[in-house]
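In the numbering used here, the protein residues as written are 19 to 202. C-beta atoms are modelled at their ideal positions from N, C-alpha and C, and glycine is treated no differently.
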């Protein structure tokens, strides 16, 4: 039987926080060090649970759950987001512009799949949240990293960004507050 070979698209996909860095964290734990794992984005282990009101609403509405929801997300939730955008005076946000997903990771991957053709480029901050580079690569694009230097309080280097814009640039990732640096 022939072994199953992974796709070449995965060659540019790396998530060190789940690889060598996490392995090192496990070794430190085995040595007795206390490690706070903030890399997955799950707030529950740190005592952040859903409020009782939300839990009760979920229980109360279980009987109304009927399979799949609309592909753009729940209408009531999208409408609430649109109203918040209006309250904040964010121009041009219509309910048809709002898509909801199961989390930021899913939406980042979907956005890159929808935006990029093979060879397109996206400027991504460095240091970066590894999902951005992985999502760009999986979509057939190339992540070009722009500098966010510690000496400059992790703010993006605008000159570096400008120097990396080419005719293949399809997007620039700007995260506020930045993940992983926290710069605002």
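Asked, Found
"Helix, strand or coil at residue 52 according to DSSP, with G and I counted as helix", "coil"
"Backbone secondary structure at residue 23 - three-state DSSP", "coil"
"Best match in 101, 63, 127, 166 for proximity to residue 195 [C-alpha to C-alpha]", "166"
"Nearest candidate by alpha-carbon position, reference residue 150, set 125, 26, 60", "125"
"When 117, 172, 184 are compared against residue 143, the one with the closest alpha-carbon", "172"
"Best match in 197, 188, 158, 42 for proximity to residue 26 [C-alpha to C-alpha]", "158"
"Supposed close pair residue 113, residue 96 - CB separation, criterion 8 Å", "5 Å"
"Residue 190 - containing beta strand (DSSP E), residue span", "187-190"
"Spatial distance of residue 54 from residue 47 (CA atoms)", "10 Å"
"Unbroken beta strand (DSSP E) run spanning residue 144, endpoints", "139-144"
"Whole alpha helix (DSSP H) elements within the region 79-116, 4-residue minimum", "93-105"
"Identity of the residue in 100, 104, 183 nearest residue 139 by Cα", "183"
"The region 81-97 touching the region 116-125, judged by at least three CB pairs closer than 8 Å", "yes"
"Proximity below 8 Å, CB of residue 31 to CB of residue 135", "no"
"Cα-Cα separation, residue 83 to residue 74", "14 Å"
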